[in-house]
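Some notes on the structure that comes next.
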Amino acid sequence: MFYIFILGMVAKETQGENTCHTNISYGNEGCESMVCSLDCATNWKGFGECVSTKSPNCICAYPCPN
C-alpha cells in the first residue's frame, strides 16, 4: 500500500502542481521515517522524509494550496 501512495504523489507532482515544503521537528526524540511519513500524509496529504541536519528533522513535501 505504501508503494501506491508514493506513485500517487509522483503522479500529482508531474501534473504541474506546485510543491510546498514544511519542516516537522521532533525535538530531541529524533525522526522516525514511518512517523514522519504518517504525520505528513495525515496533516498535509504529502510525502515526508527524514533528513539529518543539526537535529534530525522531517521534511514534508505536499501540493501547495491554490
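According to mature numbering (1 follows the signal peptide of the UniProt record, and there is no 0), the stretch in the sequence shown is residues -16 to -1, 1 to 50, in order.
The C-beta atom is built at its ideal place from N, Cα and C for all residues, glycine as well.
field: For Cys20, the three-state DSSP class (helix, strand or coil)
entry: As a working note, residue 20 is residue 36 in the sequence shown. The answer is helix: DSSP assigns Cys20 an H, G or I state.
message: Taking the straight line between their C-alpha atoms, what separation do you get for Ser39 and Pro49?
response: One-based indexing of the sequence shown puts residue 39 at position 55. One-based indexing of the sequence shown puts residue 49 at position 65. So the alpha carbons of these two residues sit roughly 28 Å apart.
- request: On a CA-only basis, which of Tyr10, Ile43 and Gly11 is nearest Trp28? Give me that one, please.
  value: Walking along the sequence shown from the start, residue 28 turns up at place 44. Among Tyr10, Ile43 and Gly11, the Cα nearest to that of Trp28 is on Ile43.
- prompt: If we count the other Cβ atoms within 10 Å of its Cβ and call it buried at 16 or more, is Cys20 buried or exposed?
  reply: Residue numbering aside, residue 20 sits at position 36 when the sequence shown is read from its first letter. By the neighbour-count rule (16 or more Cβ atoms within 10 Å), Cys20 is buried.
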